[in-house]
Every structure is written in C-alpha cells, then in structure tokens.
Amino acid sequence: MLKKNLMLIIFFLPLSVWSGDVWYDCEVKEFYRLNDNGSLKIKSEGYRGEQFKVDRQHNVILGNKINTLYNKDIVSSNPTDKGIYSLVNYSRKDDGQIRRLSSLTVQDYEDNKPFVFAEGNYIMTGLCH
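Okay, structure coming up:
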C-alpha cells in the first residue's frame with residue numbers, strides 16, 4: 560500500500576520538480592536511539608543504510624521508512640542558494656494533539672550535504688547529494 564501511494568505521488572509531481580536543484584538524495588549513515596538514562600545509543604539495525612529523497616519544492620520526504628506521506632502539517636525553509644534546509648512535519652489526532660513529530664536539517668554548502676533527522680526517540684545522521 561505504501562509503495563502504491565508513493566508511486567502515485569511521484570507520478571503526479573510535475574516534471575520540473577525532478578530537476579536536480581530541488582531534490583536531495585539522502586542515505587542514513589548512523590542511527591541512534593535515546594536510552595532511559597538520557598544518553599544516545601548507536602544502533603546497527605533499523606535505519607542504517609535507508610535511502611530517501613527530499614523534494615524541496617513541495618517539502619515532501621519520500622522513502623520506505625522515512626517519509627512525510629501521512630503528515631498533515633509541514634513547516635520548512637527552502638533556500639534558493641546554498642545554506643541550511645530545515646523541514647519539520649507533524650500529524651495530529653482527531654482531538655488536535657500532535658501524535659508524530661519529525662525534523663530534518665540539511666547543511667547545503669558542499670556536494671556532500673550532512674543531515675540530521677529526528678523522530679520521536681530516534682536520531683539519524685547521514686549524507687545527502
């Protein structure tokens with residue numbers, strides 16, 4: 560079902576969006592989980608090696624495990640030049656309470672663009688291109 564929805568979204572995005580300057584291709588290099596004692600523990604399984612794409616024009620993250628397909632609200636910055644790109648997304652329950660919150664920050668200064676992605680008690684770092 561997720562792959563079908565992902566393909567539908569990709570199919571309906573305008574072709575101009577596919578130009579290289581509005582997309583990031585990203586890969587998770589490190590995956591951390593918050594421990595009960597407040598420290599971060601590196602995990603070898605889970606998200607390490609996961610790949611995702613970021614559409615800066617439409618502020619959408621597309622990936623198997625990391626995506627914004629079901630989020631209702633997105634706040635982002637979209638630099639036209641090199642700089643910091645940030646995206647925060649969240650969804651709400653029917654009663655208005657936030658049920659999911661994630662944030663992505665990409666340092667867009669060089670060809671390799673390091674990122675940090677946080678969701679719940681997980682933190683992921685890696686590189687985008």
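In this text, residue positions in the sequence shown follow our numbering: the first is 560, and each later residue adds one. Cβ coordinates follow ideal geometry from the N, Cα and C atoms, glycine included.
Where does residue i sit, in a helix, a strand or coil, going by DSSP?
{"i": "D580", "result": "helix"}
{"i": "E586", "result": "strand"}
{"i": "Y668", "result": "coil"}
{"i": "Y606", "result": "coil"}
{"i": "K612", "result": "strand"}
{"i": "L593", "result": "strand"}
{"i": "I625", "result": "coil"}
{"i": "P673", "result": "strand"}
{"i": "S662", "result": "strand"}
Start and end of the beta strand (DSSP E) containing residue i?
{"i": "K600", "result": "599 to 602"}
{"i": "G642", "result": "642 to 651"}
{"i": "G685", "result": "681 to 687"}
Excluding sequence positions up to five away, which residues of its chain have a Cβ less than 7 Å from the Cβ of residue i?
{"i": "K672", "result": "Y583, V665, Q666, L686, C687, H688"}
How many angstroms separate the CA atom of residue i from the CA atom of residue j?
{"i": "R659", "j": "K624", "result": "14 Å"}
{"i": "R592", "j": "L599", "result": "6 Å"}
{"i": "N594", "j": "F674", "result": "22 Å"}
{"i": "N626", "j": "Y606", "result": "12 Å"}
For residue i versus residue j, is the C-beta spacing smaller than 8 Å?
{"i": "G622", "j": "Q610", "result": "yes"}
{"i": "S636", "j": "Y644", "result": "yes"}
{"i": "M683", "j": "V619", "result": "no"}
{"i": "V581", "j": "R615", "result": "yes"}
Might you give, ordered along the chain, the residues of its own chain that have their beta carbon closer than 8 Å to the beta carbon of residue i, omitting 5 neighbours on each side?
{"i": "N564", "result": "Note that N564 scores a pLDDT of 48, beneath 50, so its modelled location is shaky; the value from the coordinates is reported in the next line. The residues are L628."}
In its own chain, which residues sit with a C-beta less than 6 Å from the C-beta of residue i, not counting the 5 before and 5 after it?
{"i": "E678", "result": "S661"}
{"i": "D670", "result": "none"}
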